[in-house]
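Asker: Residue numbers (our numbering), protein chains in the order written: chain A, 1 to 320; chain B, 1 to 90.
For each residue, glycine too, the CB sits at the ideal point set by N, CA and C.
Note that the structure is predicted; figures quoted are calculated from it, not measured.
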């Protein structure tokens, strides 16, 4: 059964985009897998393949404004093209199955499929050709480059590169905020009650450092990996807290003052470093073996600093 | 420093290459280029081990230990006792 779609967004589509971009409702933003027509395609019209994540499908159909074509939507369980390709759901088997189930050969007279370049980790083009007769052309990374690509079916080197520029990083902030909001509020309130305003403020500082400053400054923090970038940022954030805690009790003995202040210097760098490490997955360039090396090199240090800082904080909470 | 993201598990055997150009087409980081009738590995340190080149090489001239460069996925895998990094966030 062929469905029809358009290149324009309804108010409901725009609401879905907002809910997806804020992480409020991303999981259920899905499109029915299958074959779609856009405009009035005939047997010579191009076939574009995409994932059944709503944003992937919508980016594609918007980029194909004015083009009469087919869109073949694979069942990627509502996951975007690149991630699904990594998992194999945007993959050779699903593509072959979908070509078969929509009876694509009855709809077109040619043998070319245009796939997004980022689908390539999951799809072996030569195997699809061998088993179905369809040739695969990998289009550009970004759907917005499709109009230029379609002029001569050639992607420029620039179209073939993924980026992670400031805008790409900023657009991810709302999703991260949504994910971190509830635990951050709980820990902030808890620390305010058991320790005081400074400890509560430190949690807010961690959230701001990791969710806003870290992604903005990512390329410019002068260390070569995520843990140390976060660690460095966390250390800078920790300094005012350390000083405030130290000078907050001018009449106490010096060792008590160090005890009050030192937890900030242990906890903030390790926690900001750890959360920095967990952002590897949202970047467009961290490699599997690189992340493995980074975890084994820095995770133990960050873990013990966090434990030590917490223990010290608890102990000096009772030594007043 | 130990962890610079400069090492990679990507391996390329130029002797097997038939010059189809697929690897330089699918790589999102310009790791390969096509010069004459053979692919050349020009930026190995930029490799993110996504596996696109190896999967699309018809003569298996390229190998890479592909997977998610995601710490969350690797922590989840470690907790589940699974070898492959896995998660449900993307």
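Give a yes or no on whether the C-beta atoms belonging to residue 125(A) and residue 80(A) are separated by under 8 Å.
Answerer: In the first chain, the residue the question calls residue 125(A) occupies position 125. In the first chain, the residue the question calls residue 80(A) occupies position 80. For residue 125(A) and residue 80(A), no; Cβs fall outside 8 Å.
Asker: When the Cβ atoms of the stretch 221 to 237 of chain A are set against those of the stretch 249 to 263 of chain A, are three or more pairs found closer than 8 Å?
Answerer: Counting Cβ pairs under 8 Å, fewer than three are found: no touch.
Asker: Give me the Cα-Cα distance between residue 66(B) and residue 252(A), rounded to the nearest whole angstrom.
Answerer: Position 66 of the second chain, counted from the first residue, corresponds to residue 66(B). Position 252 of the first chain, counted from the first residue, corresponds to residue 252(A). Their Cα atoms are separated by approximately 56 Å.
Asker: With respect to the alpha helix (DSSP H) encompassing residue 106(A), which residues constitute its N-terminal and C-terminal limits?
Answerer: Mapped onto the first chain, residue 106(A) falls at position 106. Taken as a continuous stretch (DSSP letters only), the alpha helix (DSSP H) holding residue 106(A) covers 104 to 107.
Asker: Going by beta carbon distance, what residues of the same chain come within less than 7 Å of residue 364(A), once the five residues before and after it are set aside?
Answerer: Coverage of chain A is limited to positions 1 through 320, which leaves residue 364(A) absent and any answer about it impossible.
Asker: For residue 82(A), count the other beta carbons within 10 Å of its own beta carbon; 16 or more makes it buried, fewer makes it exposed. Which is it?
Answerer: If you number the first chain from 1, residue 82(A) lands on position 82. Buried, since its Cβ has 16 or more Cβ neighbours within 10 Å.
Asker: Kindly confirm or deny that the stretch 23 to 41 of chain B and the stretch 307 to 320 of chain A touch, where touching means at least three C-beta pairs closer than 8 Å.
Answerer: no
Asker: Given that a residue counts as buried once 16 or more other Cβ atoms are within 10 Å of its Cβ, and exposed if not, what is residue 2(B)?
Answerer: In the second chain, residue 2(B) corresponds to position 2, counting from 1. Here residue 2(B) scores only 49 on pLDDT, less than 50, and its place in the model should not be relied on; the value that follows carries that caveat. So residue 2(B) counts as exposed.
Asker: For residue 321(A), count neighbouring Cβ atoms within 10 angstroms of its own Cβ and tell me buried if that reaches 16, exposed if not.
Answerer: Because chain A here runs from 1 to 320, residue 321(A) falls outside it and cannot be looked at.
Asker: Give me the residue from 205(A), 170(A) and 171(A) with the minimum Cα distance to residue 185(A).
Answerer: Mapped onto the first chain, residue 185(A) falls at position 185. Nearest of 205(A), 170(A) and 171(A) to residue 185(A), Cα basis: 205(A).
Asker: What separation, rounded to the nearest whole angstrom, lies between the Cα atoms of residue 32(B) and residue 58(B)?
Answerer: Position 32 of the second chain, counted from the start, is the residue given in the question as residue 32(B). Position 58 of the second chain, counted from the start, is the residue given in the question as residue 58(B). Rounded to whole angstroms, residue 32(B) to residue 58(B) spans 15 Å at the Cα level.
Asker: What residues from chain A crowd round residue 9(B), counting only those whose CB sits closer than 9 Å?
Answerer: For the purposes of this step, residue 9(B) is taken as residue 9 along the second chain, with counting starting at 1. Neighbours of residue 9(B) on chain A, chain order: 287, 288 and 289.
Asker: Residue 316(A) lies in the alpha helix (DSSP H); which residues open and close that run?
Answerer: The residue you call residue 316(A) lines up with position 316 of the first chain. It spans 288 to 318 - the alpha helix (DSSP H) in which residue 316(A) sits, taken as one unbroken run.
Asker: So is residue 76(A) buried or exposed if we call it buried at 16+ other beta carbons inside 10 Å?
Answerer: Walking along the first chain from the start, residue 76(A) turns up at place 76. Its Cβ being crowded by 16 or more others within 10 Å, residue 76(A) is buried.
Asker: Which runs of the alpha helix (DSSP H) spanning at least 4 residues fall entirely within the stretch 35 to 72 of chain A, listed in chain order?
Answerer: 54 to 63
Asker: For chain B, check one thing: does any of its Cβ atoms lie closer than 8 Å to the Cβ of residue 5(A)?
Answerer: Taking the first residue of the first chain as 1, we reach residue 5(A) at position 5. Closer than 8 Å: no.
Asker: Pull out every residue of the stretch 136 to 167 of chain A whose Cβ sits closer than 8 Å to any Cβ of chain B, in chain order.
Answerer: 138, 141, 155, 157, 160, 161 and 162
Asker: Hey, does residue 71(B) have any beta-carbon neighbour from chain A nearer than 8 Å?
Answerer: Numbered from its first residue, the second chain carries residue 71(B) at position 71. Yes, its Cβ sits closer than 8 Å to a Cβ of chain A.
Asker: In chain B, which residues lie with their C-beta within 8 Å of the C-beta of residue 69(A)?
Answerer: Against the first chain, residue 69(A) aligns to sequence position 69. Under the 8 Å cutoff, chain B gives no residues; its nearest Cβ is about 21 Å from residue 69(A).
Asker: Check whether the Cβ atoms of residue 116(A) and residue 63(A) lie closer than 8 Å to each other.
Answerer: Reading the first chain from its first residue, position 116 is the one you call residue 116(A). Reading the first chain from its first residue, position 63 is the one you call residue 63(A). No, these two residues do not count as a Cβ contact at 8 Å.
Asker: What do you get for residue 314(A), buried or exposed, if any count of 16 or more other CB atoms within 10 angstroms of its CB means buried?
Answerer: The count along the first chain starts at 1 and reaches residue 314(A) at position 314. Residue environment analysis places residue 314(A) among the exposed positions, since fewer than 16 neighbouring C-beta atoms fall within 10 angstroms of its C-beta.
Asker: Rounded to whole angstroms, what's the CA-CA distance from residue 280(A) to residue 143(A)? Just pull it up for me.
Answerer: The residue given as residue 280(A) occupies position 280 in the first chain. The residue given as residue 143(A) occupies position 143 in the first chain. Computed Cα separation, rounded: 24 Å.
Asker: Below 9 Å between beta carbons is the criterion; list the residues of the stretch 39 to 53 of chain B that meet it against any residue of chain A, in chain order.
Answerer: Listed by position, the residues of the stretch 39 to 53 of chain B near chain A (Cβ gap below 9 Å) are 46, 47, 48, 49, 50, 51, 52 and 53.
Asker: Could you give the residue range of the beta strand (DSSP E) that holds residue 112(A)?
Answerer: Working through the first chain from its first residue, we reach residue 112(A) at position 112. Unbroken beta strand (DSSP E) run through residue 112(A): 112 to 115.
Asker: For the beta strand (DSSP E) containing residue 32(B), list its first residue and its last residue.
Answerer: Counted from its first residue, the second chain places residue 32(B) at position 32. Secondary structure note for residue 32(B): its beta strand (DSSP E) is the uninterrupted segment 32 to 35.
Asker: First and last residue of the alpha helix (DSSP H) that includes residue 199(A)?
Answerer: Position 199 of the first chain, counted from the first residue, corresponds to residue 199(A). It spans 197 to 208 - the alpha helix (DSSP H) in which residue 199(A) sits, taken as one unbroken run.
Asker: Show which residues of chain A have a CB atom less than 7 Å away from the CB atom of residue 61(B).
Answerer: Here residue 61(B) corresponds to residue number 61 of the second chain, with the count starting at 1. What residue 61(B) touches in chain A: nothing, since even the nearest Cβ is about 13 Å away.
Asker: Find the nearest neighbour of residue 6(B) within the set 61(A), 278(A) and 292(A), judged by alpha-carbon distance.
Answerer: Looking up residue 6(B) in the second chain gives position 6. Selected option, being the one with the closest Cα: 292(A).
Asker: Does residue 15(B) come within less than 8 Å of chain A when only Cβ atoms are used?
Answerer: Locating residue 15(B) in the second chain gives position 15, counting from the first residue. So no, residue 15(B) is outside the interface.
Asker: Which of the three DSSP states is assigned to residue 39(B) in this structure?
Answerer: In the second chain, residue 39(B) corresponds to position 39, counting from 1. In the structure shown, residue 39(B) sits in a strand (DSSP, three-state: E or B).
Asker: Could you tell me the boundaries of the beta strand (DSSP E) in which residue 138(A) lies?
Answerer: As a first step, residue 138(A) must be located in the first chain, where it is residue number 138. Counting along the chain, the beta strand (DSSP E) containing residue 138(A) begins and ends at 135 to 138.
Asker: Drop a sphere of 10 angstroms on the beta-carbon of residue 2(A), count the other beta-carbons inside from all chains shown, and report buried for 16 or more, exposed for fewer.
Answerer: In the first chain, counting from the first residue as 1, residue 2(A) sits at position 2. Answer is exposed; the Cβ neighbour count stays below 16.
Asker: I need the straight-line Cα distance from residue 157(A) to residue 50(B), nearest angstrom please.
Answerer: By 1-based counting over the first chain, the position of residue 157(A) is 157. By 1-based counting over the second chain, the position of residue 50(B) is 50. For residue 157(A) and residue 50(B), the distance between alpha carbons rounds to 18 Å.
Asker: Quick one: what's got a C-beta closer than 7 Å to residue 223(A)'s C-beta in the same chain, skipping five residues either side?
Answerer: Counting from one through the first chain, the residue named residue 223(A) turns up at place 223. Closer than 7 Å at the Cβ level, and outside the excluded window around residue 223(A), lie 229 and 232.
Asker: By Cβ distance, which residues of its chain are closer than 6 Å to residue 277(A), with the 5 residues on each side in sequence left out?
Answerer: Here residue 277(A) refers to the residue found at position 277 of the first chain. Excluding positions up to five away in sequence, the list reads 226 and 227.
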